[in-house]
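> Starting off with a structure, shown below.
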């Protein structure tokens, strides 16, 4: 048994929660550093090469167009489950008839999580596009890039447990949480002034 597996699973087959929580926190910290670097660099560097849209309708269109790549991840996840069901006699009848087989379970979990993350990300990006302009608007394509990196890391890490998938989860979710916080702050500030 590898060292990684020993850290996560006890001899009785139970997850070593404390070890797994340490891995989650460590991975989330690395993710936070990556997200901060990418988001900051994009808002600082991209305006040197691209002119951000100014009018409200153009900013919203910019966000919708960027979020097409977020929606592609949902399409990929749906396709993974659909293809898995097509190829599996155990899963072919559909989710109404049985729980997913072990071969399909991770794909179903990935689809469910991706759907949740897509809804949150698109909403946050659209809200932000109505509130910011100039260089700040480049936060959105950077968040989209991080979303893709996060989805890949989440899917690759999923079979290895929560600690292994937490980098992907955090990289997907942190930019969305930051966008929500920023949008809420800007709305609150505008209401108070």
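In our numbering, the protein residues as written are 3 to 195. The beta-carbon is built from N, C-alpha and C at its ideal position, and this holds for glycine as well. Since the structure is predicted, the reported quantities are computational estimates derived from the model, not experimental observations.
Do residue 26 and residue 165 have their C-beta atoms within less than 8 angstroms of each other?
Here residue 26 refers to the residue found at position 24 when the chain shown is read from its first residue. Here residue 165 refers to the residue found at position 163 when the chain shown is read from its first residue. Yes. Within cutoff.
> Are the beta-carbon atoms of residue 185 and residue 126 separated by less than 8 angstroms?
Your numbering for residue 185 matches position 183 in the chain shown. Your numbering for residue 126 matches position 124 in the chain shown. Cβ atoms of residue 185 and residue 126: closer than 8 angstroms.
> Can you list the beta strand (DSSP E) stretches of 3 or more residues lying completely in the region 123 to 179, in chain order?
If we require 3 residues or more, the region 123 to 179 turns out to have no beta strand (DSSP E) run fully inside it.
> So, are the CB atoms of residue 72 and residue 124 less than 8 angstroms apart?
Here residue 72 is taken as the residue at index 70 of the chain shown, counted from 1. Here residue 124 is taken as the residue at index 122 of the chain shown, counted from 1. Yes.
> Since I believe residue 137 is in contact with residue 64 (beta carbons under 8 angstroms), could you give me their beta-carbon distance rounded to a whole number of angstroms?
By 1-based counting over the chain shown, the position of residue 64 is 62. By 1-based counting over the chain shown, the position of residue 137 is 135. That belief does not hold up - the Cβ atoms of residue 64 and residue 137 are roughly 13 angstroms apart, past 8 angstroms.
> Since I believe residue 78 is in contact with residue 147 (beta carbons under 8 angstroms), could you give me their beta-carbon distance rounded to a whole number of angstroms?
By 1-based counting over the chain shown, the position of residue 147 is 145. By 1-based counting over the chain shown, the position of residue 78 is 76. The pair is not a contact, with the Cβ atoms about 16 angstroms apart (cut-off 8 angstroms).
> Express the C-alpha separation of residue 97 and residue 151 in angstroms, rounding to a whole number.
Position 149 of the chain shown, counted from the first residue, corresponds to residue 151. Position 95 of the chain shown, counted from the first residue, corresponds to residue 97. Between residue 151 and residue 97, the C-alpha separation is close to 29 angstroms.
> Use the C-beta contact count for residue 172: other C-beta atoms within 10 angstroms, 16 or more gives buried, fewer gives exposed.
Position 170 of the chain shown holds residue 172. Label assigned to residue 172: buried.
> Considering only their Cβ atoms, is the gap separating residue 33 from residue 144 smaller than 8 angstroms?
Counting from one through the chain shown, the residue named residue 144 turns up at place 142. Counting from one through the chain shown, the residue named residue 33 turns up at place 31. Going by C-beta atoms, residue 144 is not nearer than 8 angstroms to residue 33.
> Label residue 119 either buried or exposed according to how many other C-beta atoms from any shown protein chain fall within 10 Å of its C-beta, with 16 as the threshold for buried.
The residue you call residue 119 lines up with position 117 of the chain shown. Buried, since its Cβ has 16 or more Cβ neighbours within 10 Å.
> Looking at residue 116 and residue 153, is the spacing between their C-beta atoms short of 8 angstroms?
Taking the first residue of the chain shown as position 1, residue 153 is located at position 151. Taking the first residue of the chain shown as position 1, residue 116 is located at position 114. Yes. Within cutoff.
> From residue 53 to residue 167, what distance separates their C-alpha atoms?
As a first step, residue 53 must be located in the chain shown, where it is residue number 51. As a first step, residue 167 must be located in the chain shown, where it is residue number 165. Their backbone Cα atoms lie some 36 angstroms apart in a straight line.
> Could you tell me if residue 2 is buried or exposed, where buried requires 16 or more neighbouring beta carbons within 10 angstroms of its beta carbon?
Nothing about residue 2 can be read from this structure; the chain reaches only from 3 to 195.
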